[in-house]
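For the sequence shown, the working numbering begins at 77 and goes up steadily by one.
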Amino acid sequence: MTSVRLAAVVALSVAASLGARAEGDIEWRHRATQGAVMLTANALGTASRTAFYTARGFSEATIRPYAQACGFSFGMQNGGAQALTTRLEDWHAIGADGRRVALRLPQAWDAEWAKAGVPPAARIAFRWAQFQADNRFEPGDWIMGMATLETAPSGPFRVVARYRDEKGNHELVLDPLACARD
């Protein structure tokens, strides 16, 4: 529970630095709700992610594959009365051509950073800014964080985000989405 709240605070700082309006409010471009559960997303460009992570200890060359991947800042909130769980491995995008694209899990990126010799402090900053691979949301909990797709879908696409609560499995769909254009 504490790690979810800490991750939310860190992710809020990330999102604010990447896409805040002048007043300091985040303007979500895509939103889906099901009952009291809300999912939001903003596409993140290469330049903003490069700047964010080079300021946290990554070299520009090392962070380039991540920064150039199709990435988003996601926010999710449980406004309901029961706990829910999410697993990023259960989320996917569906391109206009019908092809299914998985989200790349933070652990996969972290394995690359370990091989590349990225300093531990930079890797920790990376992990805390990601939408976590596994989450448990108690009533009122929320989280924000970045995530990327394994590959960029052709044309507009939708993201299908699955979660589970005491009533079973559910989906939130964000549609239409597109990768950021720099």
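Ideal Cβ placement from N, Cα and C applies to all residues, glycine included.
Simplified DSSP assignment, three categories, for residue i
{"i": "T130", "result": "helix"}
{"i": "S93", "result": "At S93 the pLDDT is 43, less than 50, meaning the model places this residue with poor confidence; the figure from the coordinates comes in the next sentence. The answer is helix: DSSP assigns S93 an H, G or I state."}
{"i": "A223", "result": "strand"}
{"i": "R257", "result": "coil"}
{"i": "D251", "result": "strand"}
{"i": "G244", "result": "strand"}
{"i": "D101", "result": "For D101, the predicted model reports a pLDDT of 46, less than 50, meaning its position is unreliable; a value from the coordinates is still stated below. Reduced to three states, the DSSP call for D101 is coil."}
Spatially closest choice to residue i from the options, by CA coordinates
{"i": "W218", "options": "Q110, L115, R107 and A108", "result": "L115"}
{"i": "A201", "options": "Q110, F213 and G133", "result": "G133"}
{"i": "R176", "options": "R257, C255 and R234", "result": "R234"}
{"i": "L160", "options": "A256, G111, P229 and S230", "result": "G111"}
{"i": "R238", "options": "S135, T162 and A205", "result": "T162"}
{"i": "K243", "options": "A117, Q158 and S135", "result": "Q158"}
{"i": "D258", "options": "A117, Q144 and R105", "result": "Q144"}
{"i": "D166", "options": "N245, W204, N154 and A256", "result": "N245"}
{"i": "Q208", "options": "V194, D241 and S149", "result": "S149"}
{"i": "P215", "options": "L253, D173, G156 and H106", "result": "G156"}
{"i": "G174", "options": "H106, L248, S230 and L250", "result": "S230"}
Bounding residues of the alpha helix (DSSP H) (the contiguous stretch that carries residue i)
{"i": "W189", "result": "P182 to K191"}
{"i": "F202", "result": "P196 to A205"}
Where the beta strand (DSSP E) containing residue i begins and where it ends
{"i": "A237", "result": "F233 to D241"}
{"i": "R212", "result": "D210 to F213"}
>> Check whether the region 221-235 and the region 175-188 touch, using three or more Cβ-Cβ pairs below 8 Å as the test.
In response: Enough Cβ pairs lie closer than 8 Å, so yes.
>> Please give the ranges of any beta strand (DSSP E) in the region 108-177, keeping only runs that are unbroken, at least 3 residues long and fully inside the region.
In response: Uninterrupted beta strand (DSSP E) stretches at least 3 residues long and entirely within the region 108-177 occur at 113-120, 147-154, 160-163 and 168-171, given in chain order.
>> For the region 131-145 against the region 192-200, do three or more pairs of beta-carbon atoms, one drawn from each stretch, fall closer than 8 Å, so that the two count as touching?
In response: In this structure the region 131-145 lies against the region 192-200, because at least three pairs of beta carbons, one per stretch, are closer than 8 Å.
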